[in-house]
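One structure is given here, and the rest of the page talks about it.
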Amino acid sequence: MALASVRPAVDADVDEIVRIQAETWRLVYADLLPAAALEALTSPDARRTWADAVHAGEPFHVFVAQEGEWTVGFCAAAHYAGQGGSIAEISTLLVEPRWGRRGHGGRLLAVAGAALRRAGSQTGRAWVPEADHASRRFYDRAGWAADGAVRTLDTGDGTLREVRHAGTLDLQVQ
229 MALASVRPAV DADVDEIVRI QAETWRLVYA DLLPAAALEA LTSPDARRTW
279 ADAVHAGEPF HVFVAQEGEW TVGFCAAAHY AGQGGSIAEI STLLVEPRWG
329 RRGHGGRLLA VAGAALRRAG SQTGRAWVPE ADHASRRFYD RAGWAADGAV
379 RTLDTGDGTL REVRHAGTLD LQVQ
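Going by this note's numbering, the sequence shown runs without a break in its numbering and finishes at 402.
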């Protein structure tokens, strides 16, 4: 395996972030999301949103995973004030399926966890589609368990049920 790493995203990464999200969601969530939502992932608005996220600065973070010269995944995380205190959340963590099972997701989660710990949180959370068994197993292996919280999102052509996984931010790269 080529050298694997995780680093903060920069402007030059935005197109790859958009590509990875669009290709991965089209493959993994085609049965869960309407075609219009999947098409919107490559729109100019989507690109601007990711560019803004890359530039947002503290307490927001976007990281990319690389294997050799290839960008293979990314993670967006934030630490912000919420009801009853602060919230540390992984809003998106994606690794292209063809690069899966090589430790990239774990490295992304560990680096994001360290950034959120520096902001003062000890635990984090992530919302995952209930039907996305691969992502749910990933969080389970990382020690993050479903905590009983559920939400239903309107997709514009139905609903998407998500479960919340939560766990410690003291994660080690394996």
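Note that the Cβ used here is the ideal one computed from N, Cα and C, for glycine as well.
Everything numeric in this text was worked out from a predicted model, so none of it was measured.
(request) Output yes or no for whether 8 Å exceeds the beta carbon distance between A338 and H393. (result) No. Outside cutoff.
(request) Could you tell me which of V356, R369 and D360 sits nearest to A377, measuring between CA atoms? (result) Considering only V356, R369 and D360, the residue with the shortest C-alpha distance to A377 is V356.
(request) Can you give me the start and stop residues for the beta strand (DSSP E) that L321 sits inside? (result) That run of the beta strand (DSSP E) goes G313 to V323.
(request) From the DSSP output, in three-state form, read off H349 for me. (result) First, the residue type needs correcting, since residue 349 is Ser and not His in the sequence shown. Assignment of S349 by DSSP, reduced to helix, strand and coil, places it in the coil class.
(message) Please classify Y308 as buried or exposed, where buried requires at least 16 neighbouring CB atoms within 10 angstroms.
(response) Its Cβ having fewer than 16 others within 10 Å, Y308 is exposed.
(request) For F291, collect the residues of the same chain with a Cβ closer than 7 Å to its Cβ; drop the 5 residues on either side in sequence, then sort them by chain order. (result) Counting only Cβ-Cβ distances below 7 Å, and skipping sequence neighbours, we find V234, R235, P236, A237, F302, C303, L336, V339 and A340.
(request) Measure the Cβ-Cβ separation of G384 and A265 and say whether it is below 8 Å. (result) Going by C-beta atoms, G384 is nearer than 8 Å to A265.
(request) Mind checking who Y308 pairs with in its DSSP beta bridge? (result) Per DSSP, I315.
(message) By the three-class DSSP mapping on this structure, what secondary structure does A394 have?
(response) DSSP places A394 in strand when its eight states are reduced to three.
(request) Can you have a look at T299 and say buried or exposed, based on whether 16 or more other CB atoms are within 10 angstroms of its CB? (result) Buried, because 16 or more other Cβ atoms sit within 10 Å of the Cβ of T299.
(message) Please identify the residue among A230, E244, L260 and L397 whose C-alpha is closest to the C-alpha of A343.
(response) In terms of CA proximity to A343, L397 leads the group A230, E244, L260 and L397.
(message) Could you tell me the alpha carbon to alpha carbon distance between G395 and G371, rounded to whole angstroms?
(response) Rounded to whole angstroms, G395 and G371 show a C-alpha spacing of 6 Å.
(request) Grab me the residues of Q350's own chain with a C-beta within less than 7 Å of its C-beta, minus the 5 sequence neighbours each way, in chain order. (result) Short of 7 Å from the beta carbon of Q350, and not among the five residues preceding or following it, lie these beta carbons of its own chain, in chain order: T396 and L397.
(message) Whether or not the region 280–287 and the region 253–267 are in contact is what I'm after, with contact meaning three or more pairs of Cβ atoms, one per stretch, closer than 8 Å; do they touch?
(response) Note that the region 253–267 does not touch the region 280–287; fewer than 3 beta-carbon pairs, one per stretch, sit closer than 8 Å.
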